[in-house]
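**Student:**
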């Protein structure tokens with residue numbers, strides 16, 4: 005990538021950073037992801053140092069936005085009943101672009117997205133779910149077996165879009181920062197990307213369902229991805245048949261939401 | 005809790021659910037969390053079945069909201085430099101209420117939030133970080149040691165609010181649904197709550213930083229919480245000294261963001 009459109013400025017001492025911050029957006033509007041850091045790592049090239057005032061001001065979010073965000077959180081659902089309509093062209097790519105803005109340990113961006121269209125793969129995933137679900141049913145407490153059997157736990161047959169998400173624990177990106185004592189931070193970062201994608205999808209009217217009733221290792225084999233990729237979840241996406249602000253498992257009488265104060269203690 | 009204000013309706017056959025949906029908000033505006041599911045589990049009591057049209061309509065999110073949501077995602081940062089100003093009274097409780105709307109496996113809501121104010125606890129956490137960070141520094145590749153040592157990786161000294169978040173793998177809530185083959189879904193659900201809290205905080209102008217350079221078992225002991233609670237992260241919250249749309253680790257030259265298409269494959 006060339007440096008056309010990138011404003012230049014003489015090198016600044018570190019203490020001048022409050023006035024002259026490094027900024028990673030090209031003047032021509034190219035996204036930050038497209039900027040090679042090598043130019044900034046090399047102190048002889050300071051194309052990306054911009055004078056204060058030429059970079060975008062921090063946004064202020066008002067009460068109206070916060071109220072809409074709360075509404076989004078309340079109406080985000082784990083969707084299991086989908087209309088067969090396909091997603092618009094480019095929708096998945098757009099959602100993944102937003103997901104890649106999620107926080108990640110050491111800026112490792114360990115998320116790996118696999119869009120599954122192949123009918124043979126989908127069939128194998130469906131059989132894997134059926135077997136895992138039968139085992140889970142058999143493990144239920146006797147008084148819950150009948151209720152469990154009635155739950156609809158996946159939209160694999162109807163959802164137009166199947167998405168498997170993995171965490172790449174072997175990634176060199178991030179240089180190991182922040183995962184010396186907690187290597188599972190790679191998985192957690194990927195979950196943050198999944199949740200970002202979920203919210204962005206709902207904001208477009210697209211529903212998503214998270215399927216965890218699967219054998220993770222077998223899914224890795226079915227999709228022929230590297231063995232170091234850990235399955236975080238298998239997701240169905242599509243337009244929901246119904247919208248609700250109450251979790252399906254609550255309306256089905258499986259479980260109830262508890263009040264937030266019950267999750268909070270002080271030390 | 006009484007049933008005043010709850011609309012009642014005769015029992016409906018399951019196929020009538022599209023017209024008459026179960027709804028978990030009391031007419032007097034009490035939050036869904038306050039509704040006891042027992043009345044819905046018991047088929048003789050159908051207080052919560054409401055005629056179609058009396059429940060809130062699904063929200064439609066427009067392009068303006070999606071653009072603001074994208075801005076929020078872009079400007080959410082892992083904050084490590086805080087102003088000393090305390091958070092407003094009730095802010096943490098308000099953020100945790102939103103976090104509790106996050107998706108959770110089997111509606112298990114396994115998140116456990118510990119607000120840490122005690123000076124002795126804070127001191128022990130600070131020492132734990134210092135030891136873990138020294139070990140992480142020693143494990144760096146030789147060419148990265150100097151750069152690692154210059155990074156500011158925690159805001160423990162300045163942040164007015166310390167929050168430890170744990171996942172309760174022993175919770176009975178959710179009745180084990182969805183975690184037979186993937187028990188780690190309890191951890192993932194907690195991460196979704198953390199990410200929800202992070203976005204909600206940023207929408208209020210509050211910054212958050214995620215600390216994972218800690219010994220998780222020792223933090224559990226320091227805070228005297230049940231041994232089955234798994235530490236997901238230790239968080240600093242407060243008003244940030246600076247705002248940016250570029251990750252700190254990118255401006256510091258540690259790592260660069262990659263473009264979203266590099267994370268996507270097809271099967």
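Protein chains in written order, with our numbering: chain G, 5 to 271; chain L, 5 to 271.
Cβ coordinates follow ideal geometry from the N, Cα and C atoms, glycine included.
Quantities reported herein were computed from a predicted structural model and do not represent experimental measurements.
Can you look up residue 65 (chain L) in the DSSP assignment and give me helix, strand or coil?
**Tutor:** Here residue 65 (chain L) refers to the residue found at position 61 when the second chain is read from its first residue. In the structure shown, residue 65 (chain L) sits in coil (DSSP, three-state: anything other than H, G, I, E or B).
**Student:** In whole angstroms, what is the alpha-carbon distance linking residue 124 (chain G) and residue 133 (chain G)?
**Tutor:** Position 120 of the first chain, counted from the start, is the residue given in the question as residue 124 (chain G). Position 129 of the first chain, counted from the start, is the residue given in the question as residue 133 (chain G). Approximately 14 Å, taken between the alpha carbons.
**Student:** Among L:106, L:120 and L:78, which residue has its Cα nearest to the Cα of residue 229 (chain L)?
**Tutor:** For the purposes of this step, residue 229 (chain L) is taken as the residue at position 225 of the second chain. That would be L:120, whose Cα lies nearest to the Cα of residue 229 (chain L).
**Student:** Tell me the rounded alpha-carbon separation between residue 247 (chain G) and residue 210 (chain L).
**Tutor:** If you number the first chain from 1, residue 247 (chain G) lands on position 243. If you number the second chain from 1, residue 210 (chain L) lands on position 206. Cα to Cα, residue 247 (chain G) sits roughly 31 Å from residue 210 (chain L).
**Student:** Whole angstroms are fine: how far does the CA of residue 115 (chain G) sit from the CA of residue 199 (chain L)?
**Tutor:** The residue labelled residue 199 (chain L) in the question sits at position 195 within the second chain. The residue labelled residue 115 (chain G) in the question sits at position 111 within the first chain. Rounded to the nearest angstrom, the two C-alpha atoms are 15 Å apart.
**Student:** Residue 117 (chain G) lies in the alpha helix (DSSP H); which residues open and close that run?
**Tutor:** If you number the first chain from 1, residue 117 (chain G) lands on position 113. Premise fails: residue 117 (chain G) lies in the beta strand (DSSP E), 115-120, not in any alpha helix (DSSP H).
**Student:** Of all the residues that make up the stretch 240-271 of chain G, which are near chain L by a beta-carbon distance shorter than 8 Å?
**Tutor:** Those residues of the stretch 240-271 of chain G that come within reach of chain L (Cβ to Cβ, closer than 8 Å) are 246, 247, 248, 249, 250, 251, 253, 254, 255, 257, 258, 259, 260, 261, 262, 263, 264, 265, 267, 268, 269, 270 and 271.
**Student:** Are residue 240 (chain L) and residue 159 (chain L) closer than 8 Å when you measure CB to CB?
**Tutor:** The sequence position of residue 240 (chain L) within the second chain is 236, counting from 1. The sequence position of residue 159 (chain L) within the second chain is 155, counting from 1. Result yes, Cβ atoms of residue 240 (chain L) and residue 159 (chain L) sit closer than 8 Å.
**Student:** Would you mind reading off the limits of the beta strand (DSSP E) that contains residue 168 (chain G)?
**Tutor:** In the first chain, the residue the question calls residue 168 (chain G) occupies position 164. Counting along the chain, the beta strand (DSSP E) containing residue 168 (chain G) begins and ends at 165-172.
**Student:** For residue 197 (chain G), name the three-state secondary structure that DSSP assigns.
**Tutor:** If you number the first chain from 1, residue 197 (chain G) lands on position 193. Residue 197 (chain G): helix per DSSP, three-state reduction.
**Student:** In whole angstroms, what separates the C-alpha of residue 205 (chain G) from that of residue 271 (chain G)?
**Tutor:** Taking the first residue of the first chain as 1, we reach residue 205 (chain G) at position 201. Taking the first residue of the first chain as 1, we reach residue 271 (chain G) at position 267. Whole-angstrom Cα-Cα distance: 38 Å.
**Student:** Which one of G:222, G:176, G:112 and G:243 has the shortest CA to CA distance from residue 168 (chain G)?
**Tutor:** Along the first chain, read from residue 1 onward, the residue named residue 168 (chain G) stands at position 164. Closest by alpha carbon: G:222.
**Student:** So if I threshold CB-CB distances at 7 Å, which residues from the stretch 112-128 of chain G count as touching chain L?
**Tutor:** The residues in question are 113, 115, 116, 117, 118, 119, 120, 121, 122 and 125.
**Student:** Counting only runs that start and end within the stretch 75-146 of chain L, where is the beta strand (DSSP E) found for 3 or more residues in a row?
**Tutor:** Listed in chain order, the complete beta strand (DSSP E) runs (minimum 3 residues) inside the stretch 75-146 of chain L are 115-120.
**Student:** Are any of the Cβ atoms in chain G nearer than 8 Å to that of residue 41 (chain L)?
**Tutor:** On the second chain, residue 41 (chain L) is found 37 positions in, with the first residue counted as 1. Because the pLDDT at residue 41 (chain L) is just 35, under 50, the model does not fix this residue reliably, and the value given afterwards should be weighed accordingly. Judged by the 8 Å Cβ criterion, residue 41 (chain L) is in contact with chain G.
**Student:** Is DSSP giving residue 238 (chain L) helix, strand or coil here?
**Tutor:** Counted from its first residue, the second chain places residue 238 (chain L) at position 234. Residue 238 (chain L): strand per DSSP, three-state reduction.
**Student:** Assign residue 147 (chain L) to buried or exposed, taking buried as 16 or more other Cβ atoms, counted over all protein chains shown, within 10 Å of its Cβ.
**Tutor:** As a first step, residue 147 (chain L) is located in the second chain; it is residue number 143 there, counting from the start. Burial call: exposed.
**Student:** Can you tell me whether residue 212 (chain L) is helix, strand or coil according to DSSP?
**Tutor:** Start at 1 with the first residue of the second chain, and residue 212 (chain L) comes out as number 208. Three-state DSSP puts residue 212 (chain L) in a strand.
**Student:** Do you know how far the Cα of residue 224 (chain G) is from the Cα of residue 187 (chain L)?
**Tutor:** In the second chain, residue 187 (chain L) corresponds to position 183, counting from 1. In the first chain, residue 224 (chain G) corresponds to position 220, counting from 1. Those two C-alpha atoms are separated by around 17 Å.
**Student:** Assign residue 265 (chain L) to one of three DSSP states: helix, strand, or coil.
**Tutor:** What you label residue 265 (chain L) is simply residue 261 of the second chain in a count that begins at 1. Note: residue 265 (chain L) maps to helix in three-state DSSP.
**Student:** On the DSSP letters alone, give me the boundaries of the alpha helix (DSSP H) that residue 221 (chain L) sits inside.
**Tutor:** Position 217 of the second chain, counted from the start, is the residue given in the question as residue 221 (chain L). Per DSSP, residue 221 (chain L) belongs to the alpha helix (DSSP H) from 220-226.
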